[in-house]
């Protein structure tokens, strides 16, 4: 932010006000963490093979964000024709699209991380302006022929960052700015020059440089020259025009609702119509679509995730007993949820686990049938289904790696998943630990209490070291014609005496069967 502080002195107290504002922003210990988080999401691009997995991992690491994205995906506006509930982030990305989920997650992050401060009303108003602008920018990107147009929605989101930061860190200065605009009739640029000696865009650019945002996004925040802009000659000019238009349109939309046909919308159209190929009809359609989407986004941010539909009735399956494994390690059947109050067992397993598993299995079926998915994405969707449906804290997918002579975790989600993935390694050679017993017998194991002496004796040393807080877990071997390919593992930090019901056991086996089919059809060497 040194360039921002080094600006020439402004008249009166503006220079001192600017320095005080930057000092307050710099002292906010939470802002650098927000910057790193935002930068991580912005850098994900839909053209990157691993971007969908990375975005899924990121969203799942934040429970609140996960709930908001799922709620968004389950609104009538976004639900698919078959009205199947979306219960996983992987499925939400598949249905709504990578770019929509990405920009929605960014907006939700700003709302979550900057809302909990004093002067909440002003901050909320500026956050809503940023949200409106982002949605309008997204609508413009959908109609654009430029590749990577989703960056325009991100630019539009950040266009209001200067006012937002001022409202959050120096409300007296912010109130002065608003007074000059609303009472004295100054433009935003004139008012910001008067109160701090520079534009609000320069404040936003300074912070975004600290956050290491892509240069194209930072440059797009620069104010447009006075007058009517000409059609853009390149993508950078177009992004700058969309960001400016979206910010102005957001102010209009937030104040007037469906703002087409008002005097101010006519002024907006007169300035940007030629450059952005807009007429009164297309502007009206733009405001209508953006208004509907904004209402949906606001609802998804403010309300909790709706419960999934009641558990369906499925035929029970017979319990399979293998002589080489004790009965109490196999998936046992029970109906422990009957008569319970609340949404989950003390272990964290949802009472409607069967309904969630069924929805996830249907998601996998639809994704496979689309022909648009990769093996990685199917496995991640299946693992996320298991993880969320059964209330696990950590989950891993391991695959055989002949080069290293090991089973290695290629995908993980949940608690400390990055660190745990590096250490989640099994030797190929058969041993007497619980993982090789499951692989050797092709037996799905559910361990309700991992603290008993019998189970501890079967745990390998690496597991006891890496997963010290495990209290219950599941092992699902992936075996084809007696040849082990890998396994799913998931655990909790709590005991799980409820076990699994017959319906849950059947659905878990079916889900595992889908993964085996994908592994046999795809290239196992390129997983992870």
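In this note's numbering, the protein residues as written are 350 to 877. Every residue gets a Cβ at the ideal spot worked out from N, C-alpha and C, and that includes glycine. Predicted model, so just to flag it, every value in this text is computed and none were measured.
Give a yes or no on contact between the segment 444–462 and the segment 385–393, applying the rule of three or more CB pairs nearer than 8 Å. yes
By the 10 Å Cβ neighbour count, where 16 or more other Cβ atoms means buried, how is residue 363 classified, buried or exposed? buried
Residue 376 - DSSP class collapsed to helix/strand/coil: coil
Just the Cα atoms here: how many angstroms apart are residue 503 and residue 552? 17 Å
Does the pairing of the segment 363–375 with the segment 513–527 give three or more beta-carbon distances under 8 Å? yes
With a threshold of 16 other CB atoms inside 10 Å of the CB of residue 628, please say whether the residue is buried or exposed. exposed
Considering only their Cβ atoms, is the gap separating residue 738 from residue 702 smaller than 8 Å? yes
Can you name, in chain order, every residue of its own chain whose Cβ lies under 8 Å from the Cβ of residue 585, other than the five neighbours on each side? 565, 568 and 569
Can you give the Cα-Cα distance for residue 706 and residue 735, rounded to whole angstroms? 7 Å
For residue 744 versus residue 838, is the C-beta spacing smaller than 8 Å? yes
Rounded to whole angstroms, what's the CA-CA distance from residue 304 to residue 467? Just pull it up for me. The shown model of the chain, from 350 to 877, leaves out residue 304, and the question about it has no answer.
Is the CB-CB distance between residue 492 and residue 592 below 8 Å? no
Mind pulling the alpha helix (DSSP H) runs of 4 or more residues that sit fully within the segment 571–653? 584–605, 612–625 and 629–651
Pick from 790, 399 and 366 that is closest to residue 832, judged by C-alpha positions: 790
Would you give the residue range spanned by the alpha helix (DSSP H) that residue 446 belongs to? No alpha helix (DSSP H) holds residue 446; DSSP gives it neither H nor E.
Let me know if residue 576 comes out buried or exposed under the rule of 16 or more other beta-carbons within 10 Å of its beta-carbon. exposed
With a threshold of 6 Å on Cβ separation, who are the neighbours of residue 499 within its own chain once the five nearest residues in sequence on each side are excluded? 448 and 490
If you compare alpha carbons, which of 470, 783 and 513 is closest to residue 803? 783
Length of the line joining the Cα atoms of residue 410 and residue 533: 46 Å
According to DSSP, simplified to helix, strand and coil, what is residue 761? strand
If you follow the alpha helix (DSSP H) that residue 813 is part of, which residue opens it and which one closes it? 810–815
Scan the segment 769–810 and note each continuous alpha helix (DSSP H) run of 4 residues or more that stays entirely inside, going in chain order. 783–790 and 802–807
Output yes or no for whether 8 Å exceeds the beta carbon distance between residue 479 and residue 514. no
Burial state of residue 864, where buried means 16 or more other Cβ atoms lie within 10 Å: buried
For residue 836 versus residue 747, is the C-beta spacing smaller than 8 Å? yes
Verify the contact flag: residue 388, CB atom, against every heavy atom of the ligand MG, threshold strictly below 7 Å. Annotation note on the ligand MG: not contained in the displayed structure, which lists no ligands.
Could you tell me if residue 930 is buried or exposed, where buried requires 16 or more neighbouring beta carbons within 10 angstroms of its beta carbon? The structure shown does not extend to residue 930, since the chain spans only 350 to 877, so no value can be given for it.
Please state the DSSP three-state secondary structure of residue 666. The predicted model places residue 666 with a pLDDT of 30, which falls under 50 and marks its position as unreliable; any figure quoted below should be read in that light. Residue 666 falls in the coil class under three-state DSSP.
Of the residues 722, 595 and 384, which one's Cα is nearest the Cα of residue 443? 722
Tell me residue 821's beta-bridge partners as DSSP assigns them. 841
Short check: CB of residue 823 to CB of residue 794, under 8 Å? yes
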